[in-house]
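The structure under discussion appears below in the form of structure tokens.
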Amino acid sequence: MKQTKISKVFIFFICFFISITIVTPPEAGASDFYVIGEETGDYGFPSPHSIRPLGFGYKRMMFLFDTLVWKDNDGFVPALAEKWEYDSENLCYSFYLQPEIYWHDGEELTVDDVVFTFNYLEEHPLTWVDMKNIKKVEKVSEKQVDITLNKPDAAFINSVAGVIPIMPAHIWKDVENPTNYQEKDAAIGSGPYKLEEYNREKGLYRFSANYSYYLGKPKINNLVFTAVGDPQLAILNQEVNIAQVKGDVVTKLEEAGIEVFHIPHDLQNKMFFNHQKEPFDKVEIRHAIAHAIDREEIVERALRGHGLPGNTGLVSPDSRWYNPDVEQYAYDPSRAEELLTSSGYHKEGGLIVNDQGEQLSVSIIAMSELSRIGELIKEYLEDIGIKVDLQSMERSVMEERIKKWDYDLAITRHGAIGGDPGSLDMFMVGEVRPHLNTRYNHPDLIDALDAQQEEMNEDKRKQLAGEVQKIYAEHLPALTLNYITWYFGHDGTVDWFYTKDALAYGVPTPFNKLALVDFDSEVAVDSREVQPTDTEEAQPDVEPAATNSTWIIIGTIIVLVVLAAFIIKGRKGKMYKN
């Protein structure tokens with residue numbers, strides 16, 4: 001009877017400690033868990049079609065899915081394809097798959113999956129990749145796939161092969177609506193991490209390591225993206241390992257021993273002109289409004305100095321593709337009034353009016369978080385005599401109005417303007433991503449974009465990309481107001497880096513999955529890597545401390561050993577008595 005009670009106690013303790021170990025939340029600083037905290041947590045289910053088509057969504061999804069080619073901070077590196085070749089005469093890229101690659105469910109990844117993915121995406125396209133230049137995709141052998149293009153494309157590796165997530169045919173072949181398909185197997189990929197938990201309400205994504213990953217062993221057992229109310233407080237309280245933080249708290253964080261870095265200025269606040277509507281269809285009016293806005297002062301007053309004034313050519317000044325020799329339309333209210341006068345307006349009683357005496361009136365819509373910038377622009381335009389109606393709204397509402405051309409001026413935000421210029425067209429011409437695209441289909445701009453895209457010589461292509469920026473600035477379908485300085489506070493347990501030409505198609509983030517993998521390729525330092533805020537010297541690694549979950553596991557082992565010894569001793573005593 002006594003032995004039975006002891007056995008029950010033993011079983012109880014096993015269940016109790018195992019349950020504690022399982023439900024204990026991840027702790028910052030532990031090697032077992034790494035937690036990334038962000039103010040906005042939910043970006044949809046992390047499958048290629050269900051995740052929101054923004055950089056924040058892509059960076060989550062890419063931990064689960066791999067592309068044919070990837071990038072580190074020095075440029076292109078092998079991913080699913082161990083090597084690739086380009087036949088310029090036949091406009092054909094040949095990709096050769098790695099020897100052994102497996103999906104998260106244990107099925108082997110084959111060339112058939114690659115061919116399937118490209119064919120499937122023709123029928124169910126992704127908004128962040130343009131596949132119209134692909135002529136055909138063919139299986140050549142069990143390890144070789146050929147992709148033939150209609151015309152030369154210098155950005156193909158960066159913007160197509162390095163962006164498209166290869167999908168398992170055995171899961172998706174019968175799925176007719178991939179956006180709505182959100183069963184757990186929809187997140188099965190070949191990347192370094194597997195989906196364990198997704199909670200829409202909490203903005204929580206929990207990934208576990210894929211120890212069969214073909215490029216190397218993941219360094220972190222569990223990777224977590226989670227929503228946090230106050231990122232600064234979360235990093236100070238060690239609730240997360242890394243979080244984007246405001247520039248105003250950088251000094252405070254560094255004094256508390258938190259490492260802080262910033263990434264290149266590849267995120268911008270931008271003002272659209274509705275060039276489909278009078279009077280904004282006139283380039284002189286757009287130039288006049290640009291001259292009326294003090295972009296340098298906006299950086300000081302709205303961003304508190306944590307940013308750069310906008311470049312009228314769109315491309316970030318930190319980018320190697322940046323052209324500094326474009327017209328900037330410097331702050332000059334007098335010049336603004338001159339241009340308005342030459343466009344059929346004149347000043348009367350301090351107001352800008354037309355020949356009928358009607359005041360020039362402008363309606364501005366702005367993302368809620370950019371309302372301060374909207375207020376400043378309202379102030380500048382009213383100073384020269386323009387009547388302004390300003391409305392702040394949720395981003396999704398504003399984006400729908402932009403798509404429908406239901407605005408005069410619209411203030412929004414997006415990244416992907418520091419990467420390969422092959423991505424510029426998605427922000428300038430056509431109908432791709434209309435909520436971020438000026439859709440300014442002028443033949444001169446289209447021709448310039450095509451010319452730089454087809455030029456395979458990088459030096460010549462840089463000159464052509466500069467011409468694109470010059471034409472864009474001359475026509476000015478939108479005005480980049482500023483580039484935001486993004487700071488990140490972290491505990492130093494992971495050596496994050498900034499990807500050359502930004503992640504994939506141009507996502508501005510330090511969260512490259514190769515930072516969490518024992519990747520066997522040498523990683524060279526690039527001029528656009530993340531920079532410390534106050535020194536160029538590398539910061540020493542910080543050894544993660546043991547956390548509550550660590551001690552719970554250790555305690556569980558100790559208790560189990562003691563109880564096991566006690567039971568064995570009891571059994572031996574009973575045997576001796578017998």
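Letter 351 of the sequence shown, counting from 1, is numbered 351 in the UniProt record's numbering, and no numbers are missing.
Glycine included, each C-beta is placed from N, C-alpha and C at the ideal position.
Query: Report buried or exposed for Val-245, applying the criterion of at least 16 other Cβ atoms within 10 angstroms of its Cβ.; Result: buried
Query: What are the uninterrupted segments assigned as beta strand (DSSP E) that are 3 or more residues long and contained completely in the stretch 39-114, given in chain order?; Result: 69-72, 75-78, 81-87, 92-97
Query: Look at the Cβ atom of Glu-327, then the Cβ atom of Glu-474, and state whether they are nearer than 8 Å.; Result: yes
Query: Val-283 by DSSP, collapsed to three states: which one?; Result: helix
Query: Given that a residue counts as buried once 16 or more other Cβ atoms are within 10 Å of its Cβ, and exposed if not, what is Asp-72?; Result: buried
Query: Hey, Phe-95 and Val-145 are a contact pair by Cβ (cut 8 Å); roughly how many whole angstroms apart?; Result: 5 Å
Query: If I follow the unbroken beta strand (DSSP E) through Ile-364, where does it start and stop?; Result: 361-367
Query: Could you name the residues of the same chain whose beta carbon sits closer than 8 Å to that of Asp-266, not counting the 5 residues immediately before and after it, in chain order?; Result: Ser-316, Asp-318, Ser-319, Gly-415, Ala-416, Ile-417, Gly-418, Gly-419, Tyr-483, Ala-502, Gly-506, Pro-508
Query: Do Val-517 and Pro-264 have their beta-carbon atoms positioned less than 8 Å apart in this structure?; Result: no
Query: Under three-state DSSP, which class holds Gly-191?; Result: coil
Query: Buried or exposed for Arg-200, going by 16 or more other Cβ atoms inside 10 Å?; Result: exposed
Query: Secondary structure at residue 592, three-state DSSP: helix, strand or coil?; Result: Because the chain spans 1 through 578 in this model, residue 592 falls outside it and cannot be assessed.
Query: Do you know how far the Cα of His-291 is from the Cα of Gly-344?; Result: 17 Å
Query: For Val-175, which residues of its own chain have a beta-carbon under 7 Å away from its beta-carbon, when the five flanking residues on both sides are left out?; Result: Tyr-181
Query: Do Gln-452 and Leu-436 come within 8 Å of each other at the CB atom, strictly closer than that value?; Result: no
Query: Please name the residue, chosen from Glu-107, Ser-159, Met-428, Phe-33, that lies closest to Val-69 on a Cα-to-Cα basis.; Result: Ser-159
Query: Would Phe-118 pass as a contact of Val-140 if the rule is Cβ separation under 8 Å?; Result: no
Query: Beta carbon of Val-468, beta carbon of Pro-421: below 8 Å?; Result: yes
Query: Whole-angstrom Cβ separation of Arg-395 and Met-367, contact assumed at under 8 Å?; Result: 5 Å
Query: Where Leu-339 and Lys-403 are concerned, what is the direct C-alpha to C-alpha distance, given to the nearest angstrom?; Result: 29 Å
Query: Identify, in the order they occur along the chain, each residue of the same chain with its Cβ nearer than 8 Å to the Cβ of Pro-48, setting aside the five sequence neighbours on each side.; Result: Met-61, Phe-65, Leu-126, Pro-165, Met-167, Pro-178
Query: Please report the distance separating the alpha-carbon of Gly-162 from that of Val-129.; Result: 10 Å
Query: So Leu-204 packs on Glu-196, CB below 8 Å; how close in whole Å?; Result: Contact doesn't hold; Cβ gap of about 10 Å is too wide.
Query: How do the stretch 222-229 and the stretch 37-53 stand: do at least 3 beta-carbon pairs fall below 8 Å, yes or no?; Result: yes
Query: Over the uninterrupted beta strand (DSSP E) stretch that includes Ala-243, give me the two end residues.; Result: 242-245
Query: Reducing DSSP to helix, strand and coil, say where Thr-226 ends up.; Result: strand
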